[in-house]
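Trainee:
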Amino acid sequence: MSDLSHQIYNPMLCDVESGVCSIPESNSGINENRLTAEQKPIKIIYFTDPICSSCWGIEPQMRKLKLEYGPIFDMEYRMGGLLPDWNYQSGKINKASDVAHHWDEVSVYYDMPIDGNIWLEDPLHSSYPPSVAFIAAAFQSKEKAVTMLRDLREMVFLKKQNITKWEHIREAATQSKLDIDQLKTDYENGAMLRFKEDLAYAQSLGVRGFPTFIFANADGLQEKLYGAKPYEAFENIILKLAPLVQAKNYKTDWNSLFEIYPTLSSREFAELSNMNRSESDNLLQALFEQGIIGKLEIKNGKFWHRV
Numbered sequence: 006m007s008d009l010s011h012q013i014y015n016p017m018l019c020d021v022e023s024g025v026c027s028i029p030e031s032n033s034g035i036n037e038n039r040l041t042a043e044q045k046p047i048k049i050i051y052f053t054d055p056i057c058s059s060c061w062g063i064e065p066q067m068r069k070l071k072l073e074y075g076p077i078f079d080m081e082y083r084m085g086g087l088l089p090d091w092n093y094q095s096g097k098i099n100k101a102s103d104v105a106h107h108w109d110e111v112s113v114y115y116d117m118p119i120d121g122n123i124w125l126e127d128p129l130h131s132s133y134p135p136s137v138a139f140i141a142a143a144f145q146s147k148e149k150a151v152t153m154l155r156d157l158r159e160m161v162f163l164k165k166q167n168i169t170k171w172e173h174i175r176e177a178a179t180q181s182k183l184d185i186d187q188l189k190t191d192y193e194n195g196a197m198l199r200f201k202e203d204l205a206y207a208q209s210l211g212v213r214g215f216p217t218f219i220f221a222n223a224d225g226l227q228e229k230l231y232g233a234k235p236y237e238a239f240e241n242i243i244l245k246l247a248p249l250v251q252a253k254n255y256k257t258d259w260n261s262l263f264e265i266y267p268t269l270s271s272r273e274f275a276e277l278s279n280m281n282r283s284e285s286d287n288l289l290q291a292l293f294e295q296g297i298i299g300k301l302e303i304k305n306g307k308f309w310h311r312v
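Just so you know, the working numbering puts 254 at position 249 of the sequence shown, and the rest follows in order with no gaps.
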């Protein structure tokens with residue numbers, strides 16, 4: 006039996022087939038309160054974690070969903086606390102170095118570049134520091150916080166940077182144009198309390214892994230999507246809860262896509278451009294050779310960025 010199919014409760018061993026990074030089940034009761042959309046037709050609550058490999062694996066779907074249906078939904082990010090520390094001794098992953106090979110396998114499965122060697126070279130002790138940093142950033146700007154979260158994920162999955170360290174959190178915040186002094190103040194004060202509230206909220210709703218999405222419309226109708234699923238699964242829920250909405254047409258040429266998303270994996274570009282993979286790979290390589298875009302090549306894939 007492979008590592009990918011071995012069922013355990015260790016949070017860092019994600020089940021790629023279900024697309025879930027699981028956490029131990031809580032004994033707390035499930036809150037039956039119904040969620041409702043308010044400002045827009047649909048509200049989405051996204052329970053995630055900065056080092057959740059399945060959450061990185063669905064970035065292509067998330068980016069396309071925002072392009073096609075972003076105007077009709079509000080998305081609220083909640084941190085889930087995937088890795089409190091390394092007091093896990095069950096299953097095949099019981100120390101940080103065991104994650105390296107697993108992340109490499111996850112990378113191949115989701116066709117998203119990941120370098121698992123961070124767990125051999127500079128392992129993270131917890132996912133809590135970058136989670137609290139995201140919440141601190143959201144106190145300033147929810148939009149900038151989401152940008153910072155993407156930057157943090159690129160750092161840990163692609164560049165092997167330990168995002169529990171303040172130097173990397175600060176760099177991501179700077180790239181996202183956040184006020185660093187204010188971020189530091191919020192990080193050391195109110196953000197931790199809000200993080201604990203996120204954990205309690207996830208438990209109250211019975212969230213047992215990441216990614217978990219809860220969709221609701223103005224009538225209180227609710228749907229849950231659990232794990233990394235294809236784009237059609239997200240779209241089907243949107244259309245079920247808001248049957249009259251239509252996907253927004255967006256420009257799929259390379260220049261427009263890189264204008265919206267300055268960094269793109271090969272799979273993300275193929276998904277967003279609606280091109281087959283070989284065609285999109287050839288285009289990206291040609292743009293790189295012309296000096297129009299840059300390329301980061303790691304052992305499990307390629308990553309492209311505007312220059």
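Where is the CB? At the ideal position from N, CA and C, for every residue including glycine.
1. Considering Cα atoms alone, identify which of 280, 137, 267 and 293 is closest to residue 191.
2. Roughly how far, in whole angstroms, is the beta-carbon of residue 173 from the beta-carbon of residue 160, given that I think they are within contact range, below 8 Å?
3. If you measure between the beta carbons of residue 151 and residue 19, is that distance less than 9 Å?
4. Mind reading off the beta-carbon distance from residue 207 to residue 24? Whole number of angstroms is fine, and I expect it under 8 Å.
5. Judging by CA-CA distance, which residue of 157, 43, 212 and 293 is the nearest neighbour of residue 230?
6. Using DSSP's beta-bridge definition, name the partner residues of residue 26.
7. Please report the straight-line C-alpha distance between residue 273 and residue 237, rounded to a whole angstrom.
8. I believe residue 132 touches residue 56 by the beta-carbon criterion, under 8 Å. Please report the beta-carbon distance rounded to the nearest angstrom.
9. Excluding the 5 residues preceding and the 5 following residue 1 in the sequence, name in chain order all residues of the same chain whose CB lies nearer than 6 Å to its CB.
10. For residue 173, which three-state DSSP category applies?
11. Based on the DSSP output, what are the partners of residue 257 in its beta bridges?
12. Give the DSSP bridge partners of residue 80, in chain order.
13. Does the distance from the CB of residue 119 to the CB of residue 87 come in under 9 Å?
14. Pair every Cβ in the stretch 195-202 with every Cβ in the stretch 214-226, then say whether three or more of these pairs are closer than 8 Å.
Mentor: The answer reads as follows:
1. 137
2. 6 Å
3. no
4. Going by Cβ atoms, the distance from residue 207 to residue 24 rounds to 17 Å, so no, they are not a contact pair.
5. 212
6. 215
7. 15 Å
8. 5 Å
9. Residue 1 is absent from the structure shown; the chain starts at 6 and stops at 312.
10. helix
11. Its beta-bridge partners do not exist; DSSP assigns none.
12. 49
13. no
14. no
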